[in-house]
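Remarks on the structure that follows.
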Amino acid sequence: MNTITVIGSINLDTTLRVSQMPKPGETLHAKEHFTAGGGKGANQAVAAKRSGADTYFIGAVGNDGAGNVMRDLLEQEAIDTTGVATLDNESTGQAFITVDDSGENSIMIFSGANNKFTPDHVKQSLDTITKSDFIISQFESAMDSTIEAFNIARNHQVKTILNPAPAIHDIPKDLLSVTDMIIPNETETEILTGIKVTDEASLKEAADQLHALGIEAVIITIGSKGAFYDVHGQSGIIPAFKVKAVDTTAAGDTFIGALSSVLKPDFSNIEEAITYGNKASSLTVQRFGAQPSIPYKNELV
């Protein structure tokens with residue numbers, strides 16, 4: 005069983021289901037409204053835990069009702085929240101999600117406390133980081149805190165996984181230099197490398213550019229086609245499972261969390277781990293909501 009520490013975002017999600025996405029200036033009636041646990045970091049932690057990983061979280065919530073809800077949800081999953089700070093003068097992060105009948109979504113995020121915890125807060129979780137097999141982070145929380153966590157991990161031979169989402173054009177070199185695996189999607193890959201992903205050759209070209217930044221392993225998720233990997237001179241596409249999607253929210257997060265739960269730190273079983281992550285993600289997209297849609301290990305064996 006892997007030990008996973010996730011540093012990143014915790015959001016309370018509010019979701020509206022609509023027949024189609026509204027056009028600018030258009031008002032639509034929603035078919036359903038619900039709230040659920042979310043945030044890319046929290047989703048990835050839930051996915052790892054439900055696949056059997058010993059899971060820890062570093063992040064922050066506000067001293068408010070949403071923060072209480074999110075802390076309770078993580079603790080109900082048996083995720084260790086010792087590293088989750090409660091900040092008195094900040095609001096808990098929230099996401100506002102619209103999902104249409106084709107399963108596509110539109111998401112707006114208010115970061116709140118996610119961007120307010122500090123490197124000093126991360127240092128308090130040094131023991132947690134150093135006993136982990138993998139540290140996972142995204143771009144929905146404070147960048148300097150992520151860099152601190154990845155530096156600690158690198159200094160203690162702990163592998164780091166970066167999910168560069170939401171994508172930014174200029175990732176700090178201080179972060180890339182301590183990133184072992186990067187997992188962008190097609191859009192994020194184009195933003196990071198300037199290469200438009202159209203086929204396996206362009207995937208390989210983008211991966212080579214990411215390797216040139218010092219990153220050992222690259223996985224590029226390509227939606228319903230599956231995932232492309234390139235590590236240690238080996239590359240290929242692992243196909244996705246064919247299903248009818250009703251809500252793609254948290255699909256990528258589920259893939260990353262599930263994959264990390266079974267991936268070996270030397271990446272030697274990367275094809276098997278990607279297949280497992282693809283299967284988990286294929287179940288997520290057939291359900292509504294972020295964390296409520298994430299499958300358990302007994303559904304994946």
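For the sequence shown, the working numbering assigns the number 5 to the initial residue and increments by one for each residue that follows. We treat Cβ as the ideally placed atom computed from N, Cα and C, and that holds for glycine.
TODO: Return the residue from the list Gly107, Gly29, Arg21, Ala70 that minimises the CA-CA distance to Ile14.
DONE: Ala70
Open item on the list: Considering only DSSP beta bridges, list what Gly66 is partnered with.
Closed with: Leu91
Open item on the list: Taking a contact to mean a Cβ-Cβ separation below 7 Å, would you say Ala2 touches Asn118 in this structure?
Closed with: Since the first residue of the chain shown is 5 and the last is 305, residue 2 is not available in this structure.
Task: Alpha-carbon spacing of Thr18 relative to Ile101, whole angstroms - done: 6 Å
Task: Where Thr197 falls, given that 16 or more other Cβ within 10 Å makes a residue buried - done: buried
Task: For Val305, the nearest candidate out of Pro296, Leu287, Phe292, Glu36 (CA to CA) - done: Leu287
Task: Sequence-distant residues of the same chain with beta carbon closer than 7 Å to Pro168, five excluded per side - done: Phe143, Ile175, Ile186, Pro188, Glu192, Leu196
- [ ] Less than 8 Å between the CB atoms is what I'm expecting for Ser265 and Gly56, so what's the real figure, rounded?
- [x] 6 Å
Open item on the list: Looking at Val182: is its Cβ nearer than 7 Å to the Cβ of Phe154?
Closed with: yes
Open item on the list: Could you tell me the alpha carbon to alpha carbon distance between Phe97 and Ser141, rounded to whole angstroms?
Closed with: Looking at the sequence itself, residue 97 is Gly, so the reference to Phe does not match. If I take the Cα positions, the gap works out to 16 Å.
TODO: Starting from the Cα of Leu217, find the closest Cα among Lys177, Phe121, Asp270 and give me that residue.
DONE: Lys177
TODO: Let me know the alpha helix (DSSP H) ranges lying completely inside the region 106-177, each 4 residues or longer, listed in chain order.
DONE: 123-127, 130-134, 147-159
Open item on the list: Thr202 and Ile242 - do their beta-carbons sit closer together than 7 Å?
Closed with: no
Task: Beta-bridge partners of Thr18, as assigned by DSSP - done: Thr39, Phe100
Task: Cβ-based burial, Thr122 [other Cβ within 10 Å; buried from 16] - done: exposed
TODO: Quick one: grab the DSSP three-state call for Gly293.
DONE: coil
Open item on the list: Once DSSP output is grouped into helix, strand and coil, what is the label at Gln80?
Closed with: helix
Task: Inside the region 223-280 only - beta strand (DSSP E) runs reaching at least 3 residues - done: 230-235, 238-243
Task: Within 7 Å, strictly: CB atoms of Thr86 and Leu78 - done: no
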